[in-house]
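Enquirer: Pasting a structure here, questions to come.
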Amino acid sequence: GVPIGGVLAAANGALVTLFSWQSIFVAMACVIVVSGLLCLLLVEAQHHTAHKSIAATVRHMLQVGRITNIRVLFLANIPWNMGQANFFSYLTIFMREAAGTSQPVAGLVLGLAQISSALGRIGWGVVSDTLFRGARKWITVGLCGASAVLMLAMAAVEPGVGLWLGIALAFGLGVSIASYPTLAQTLAVESVEPGQSGAALGYSLMGTSIGGVVGPPIFGAVVDYTGDLADGWITTAIFVALGTALVAMTVRERSRG
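Using our numbering, you'd call the opening residue of the sequence shown number 893 and step up by one each time.
What follows is the structure in structure tokens.
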């Protein structure tokens, strides 16, 4: 669902040639309101059963937080989602300034990245379930490690022939850094007992949220300081590589029969 929404959002880059950006923002705001109202249909009536006390809930969360895999994945999701957030936040401006494309073309490249992300999120899950018999760790490590290399290659994008390199890298990053979350979240859930799945997923998503908040400002600060967008990609690649190394060295998957 997230990548599909991204594909639709990427089309806005082309729509700016037909409509004002204010009109596009208003239209998107209306879509969000309607979506929120539709979500009310999913709300179930609360069952009046016994609930855990706040203290018991806190103890449960702390217990899950002491599991090594959960702590490591929480920390790794910060730089990993820095990579994803920076990729989607700066891709269009990078394609315009570094590759010299028009806004509609930059929007199409963003759409391509979102499509490849949608395919990757489903495809890598199928691969891990079948070819790797449910193993998630090394596919996740491979995807994030490859994305760090691809981000370093973004520094070579330039006008002319370099445009095609940028398009290829956008596709590659779509199926790597933009596709890892489903595997990482599944890895976190499978690291705990079934009754702890919600807390494990919460820790994972908290790291993801932190990365999404701090990533773009760090990228922007680096670019402002050096004056080169390539330095933003290099910095991001370093962060992503550190998170990948941490998971590779410390996360242990449960044995499978």
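Ideal Cβ positions, reconstructed from N, Cα and C, are used throughout, including at glycine.
If we count the other Cβ atoms within 10 Å of its Cβ and call it buried at 16 or more, is Val1067 buried or exposed?
Expert: By 1-based counting over the sequence shown, the position of residue 1067 is 175. Val1067 comes out buried.
Enquirer: Measure the CB-CB distance between Gly1112 and Met974 and report whether it falls below 8 Å.
Expert: Position 220 of the sequence shown holds residue 1112. Position 82 of the sequence shown holds residue 974. In this structure, Met974 does not lie closer than 8 Å to Gly1112 by Cβ.
Enquirer: Ignoring anything shorter than 4 residues, give me the alpha helix (DSSP H) runs that lie fully in the region 1089 to 1126, in order along the chain.
Expert: Listed in chain order, they are 1089 to 1118.
Enquirer: What do you get for Met1043, buried or exposed, if any count of 16 or more other CB atoms within 10 angstroms of its CB means buried?
Expert: Translated into positions along the sequence shown, residue 1043 becomes position 151. It is buried - the Cβ of Met1043 has at least 16 other Cβ atoms within 10 Å.
Enquirer: Under DSSP, the alpha helix (DSSP H) around Ala1038 begins and ends at which residues?
Expert: Counting from 1 along the sequence shown, the entry for residue 1038 is found at position 146. Element bounds for Ala1038: 1029 to 1045.
Enquirer: On the premise that Gly957 lies in contact with Tyr1095, defined as a C-beta separation below 8 Å, what is that separation, rounded to the nearest angstrom?
Expert: For the purposes of this step, residue 1095 is identified with residue 203 of the sequence shown, where counting begins at 1. For the purposes of this step, residue 957 is identified with residue 65 of the sequence shown, where counting begins at 1. Confirmed, about 6 Å.
Enquirer: Between Thr984, Gly1135, Ile1014, which lies nearest to Pro996 when the distance is taken from Cα to Cα?
Expert: Position 104 of the sequence shown, counted from the first residue, corresponds to residue 996. Here the closest residue by C-alpha is Thr984.
Enquirer: For Val1053, report the span of its alpha helix (DSSP H) as first-last.
Expert: As a first step, residue 1053 must be located in the sequence shown, where it is residue number 161. Per DSSP, Val1053 belongs to no alpha helix (DSSP H) and is neither H nor E.
Enquirer: In terms of alpha-carbon separation, which member of Ala948, Gly1037, Gly1052, Val964 lies closest to Arg988?
Expert: Here residue 988 refers to the residue found at position 96 when the sequence shown is read from its first residue. Minimum Cα distance to Arg988 is reached at Gly1052.
Enquirer: Quick one: any contact between the region 1029 to 1041 and the region 1064 to 1082, if contact means 3 or more CB pairs under 8 Å?
Expert: At 8 Å Cβ cutoff, the stretches touch.
Enquirer: Looking at C-beta atoms only, is the number of pairs between the region 1053 to 1061 and the region 1122 to 1130 that lie closer than 8 Å three or more?
Expert: Segments in contact, no.
Enquirer: Below 8 Å on the Cβ atoms is my guess for Ala1027 versus Ser1020; work out the distance and round it to an integer in Å.
Expert: Within the sequence shown, residue 1027 is the residue found at index 135, counting from 1. Within the sequence shown, residue 1020 is the residue found at index 128, counting from 1. Right, their Cβ atoms sit about 6 Å apart.
Enquirer: Determine the burial state of Ser994: buried for a count of at least 16 other Cβ atoms within 10 Å of its Cβ, exposed for fewer.
Expert: Mapped onto the sequence shown, residue 994 falls at position 102. The residue in question, Ser994, is exposed, as its Cβ has fewer than 16 Cβ neighbours within 10 Å.
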